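First residue of the sequence shown? That's 1 in full-length UniProt numbering, and the numbers climb one at a time after it. Note that CB positions come from ideal geometry on N, CA and C, so glycine has one too. Keep in mind it's a predicted model, so treat the numbers as computed, not measured.
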Amino acid sequence: MKSKAEVIVIGGGSTGTSIAYHLAKLGVDVVLIEKGYLGSGSTFRCATGIRQQFTDEANIMLQKYNVERWKRLSEELEYDVNFKQTGYLFLATTEEEVEAFKQNIELHNKFGVPTRLITPEEAKEIVPLLNADEFLAGQWNPTDGKANPFKTVFAFAKKARELGAEIYEYTEVTDVIVENKEVRGVKTNRGVIKADVIVNAANAWAPIINEMAGLGKEFIPIKPYKHQLVKTEPLKEGQIEPLVCPPAWNDSYVIQDGEDGGVLCGTGIEHGPTYDMTPTYDFLRGVLKWATRIIPALKYVHILRQWAGFYAKTPDSNPAIGKIHHISGFYIAAGFSGHGFMMAPGVGEAMADLIVKGKTKVPLDWNWYDPHRFERGELRSTAFQIG
Ligand code: FAD
């Protein structure tokens, strides 16, 4: 293991591997430290979804940029991350929701995201197995999509290594060394690594890293909430290609895995704050009730797996991204609140640019995601959270 680097990234999920890749691309001597194996935090446990359909300008702009990055990512990383623009379909069950959809669509269209209102019949054409009779309208954006989280993390890590980054798995950061309010390195269970810049990309565990740096766990109040998924046996390709979600049905959603055609089913049952990752029976019962109401044919399909991961939630469900001004050389990109996978390419690029150049062309609103907003008692409007 190296004893010195220019930058240390803590956390080997989609965020940390993307930051490490983008830093290495800029010629930085970077080390990434992951306490388990790459992706083992929440990234490999996510529902694969990538959307631009948020309800505020900052997240829409960032995600519009990110979709452009996702489109080119396989070519750029020279490894297929299986990004597909299969869309996101939200479904309304009341007239009030239809009105809210119309407002969302107006906002999306203002920023060039081609969301539109569709009829239940059109929704059924997009998702042939849909129980369309239960819905009044759909909010449909065909340019949203999905990608393979395993391949994405692997691709970022592979390319980062090719560009000179060192990645240490099964290596746990046990302390952050700070002297005179300046970052000096980290202690790990395998030894000390010195660096003048550290990026906290530990997401659900980010408050523990902040505490090691002397900032206190509540400085950025990220809390780990257990969210779960079940996956069915494979269905024929094209049956449920988009992420389909009637928000009024407890934020439940279904999406066919772009890799093997199994259906991932999620719902808004959450447990926590907790670091326990044990799947629960109440989730299994709850999710199947909603999933089989959205797609009745799922009653006849076997569940193959169930697992849990974390939504690392901030009070406004927006991540904390940027420089921490209390300690020189300390940066954070964490608290993604259930939508960190989709943001990874642009966040990694923006963070690397911030560290190296102090500015970026990524349309990331630093003020919106300001890590210091919580200590000032400021909150942004709550980011829309599904998948
Ligand atoms: P993580 O992947 O959690 O990585 C952080 C890493 O830090 C971990 O691997 C951890 O081991 C490591 N670490 C922690 N402490 C230390 C330490 N002391 N030393 C070294 N390493 C350490 N997002 C989407 O965009 N789309 C979706 O469809 C979606 N669906 C989801 C469905 C579910 C059920 C869940 C649970 C999440 C979902 N998410 C989704 C959220 C998404 O999984 C996360 O936002 C994203 O993976 C965050 O990536 P990350 O790299 O920031 O964090």
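So is the beta-carbon of residue i under 8 Å away from any non-hydrogen atom of ligand 1?
i, result
"Trp205", "yes"
"Lys158", "no"
"Asn227", "It is His, not Asn, that sits at residue 227 in the sequence shown. Indeed, a heavy atom of ligand 1 lies less than 8 Å from the Cβ."
"Cys46", "yes"
"Ile177", "no"
"Gly266", "yes"
"Ala344", "yes"
"Gly258", "no"
"Ile324", "no"
"Lys35", "yes"
"Glu172", "yes"
"Ser317", "no"
"Ala248", "no"
"Phe336", "yes"
"Gly164", "no"
"Ser252", "no"
"Ile209", "yes"
"His108", "no"
"Leu136", "no"
"His339", "yes"
"Thr43", "yes"
"Ile10", "yes"
"Phe310", "yes"
"Pro279", "no"
"Thr143", "no"
"Gly191", "no"
Quick one: give me the first and last residue of the alpha helix (DSSP H) that residue i is part of.
i, result
"Asn66", "57-77"
"Leu288", "281-294"
"Tyr21", "14-25"
"residue 423", "The chain is shown only over 1 to 387; residue 423 falls outside these bounds and no answer can be derived."
"Leu354", "344-357"
"Glu122", "120-126"
I'd like the list of long-range same chain contacts for residue i, defined as Cβ closer than 7 Å, with 5 residues on each side in sequence excluded.
i, result
"Val178", "Arg184, Ala213, Gly214, Ile327"
"Ala329", "According to the sequence shown, residue 329 is Gly rather than Ala. Around Gly329: Glu182, Val183, Asp196, Val197, Ile198."
"Ile105", "Thr115, Arg116, Leu117, Gln139"
State the DSSP-derived secondary structure class of residue i, mapped to helix, strand or coil.
i, result
"His372", "helix"
"Pro273", "coil"
"Asp141", "In the sequence as displayed, the identity of residue 141 is Asn instead of Asp. Strand at Asn141."
"Lys35", "coil"
"Ala334", "strand"
"Trp249", "coil"
"Leu130", "coil"
"Thr43", "helix"
"Ala308", "strand"
"Tyr168", "strand"
"Ala320", "strand"
"Leu364", "coil"
"Leu379", "coil"
"residue 392", "The chain is shown only over 1 to 387; residue 392 falls outside these bounds and no answer can be derived."
"Leu136", "coil"
"Lys2", "coil"
"Lys146", "strand"
"Lys313", "strand"
Quick one: what's got a C-beta closer than 6 Å to residue i's C-beta in the same chain, skipping five residues either side?
i, result
"Pro120", "Ala132, Phe135"
"Pro207", "Lys217, Ile222"
"Lys171", "Note that residue 171 is Thr in the sequence shown here, rather than Lys. If we look at Thr171 and ignore the five residues flanking it on each side, its Cβ neighbours are Ile33, Thr188, Arg190."
"Lys35", "Glu172"
"Ala350", "Thr360, Val362, Leu364"
"Lys313", "Lys223, Tyr225, Ser337"
"Ser252", "Thr267, Trp290"
"Ile344", "For the record, residue 344 in the displayed sequence is Ala; it is not Ile. Closer than 6 Å at Cβ, skipping near neighbours: Ser14, Thr15, Ser18."
"Pro142", "Gly87"
"Ser74", "Asp80, Val81"
What residue range does the beta strand (DSSP E) around residue i cover?
i, result
"Phe154", "Phe154 -> not in any beta strand (DSSP E); alpha helix (DSSP H) instead, spanning 149-162."
"Leu91", "88-92"
"Ile10", "7-10"
"Ile327", "Ile327 -> no beta strand (DSSP E), and no H or E assigned at all."
"Val263", "263-266"
"Asp175", "173-179"
Excluding sequence positions up to five away, which residues of its chain have a Cβ less than 8 Å from the Cβ of residue i?
i, result
"Thr93", "Glu134, Phe135, Leu136, Pro246, Ala248, Trp249"
"Glu259", "Asn82, Asn148"
### Query
If you scan the stretch 188-239 from start to end, which runs of the alpha helix (DSSP H) of 4 or more residues do you find wholly inside it?
Uninterrupted alpha helix (DSSP H) stretches at least 4 residues long and entirely within the stretch 188-239 occur at 206-212, given in chain order.
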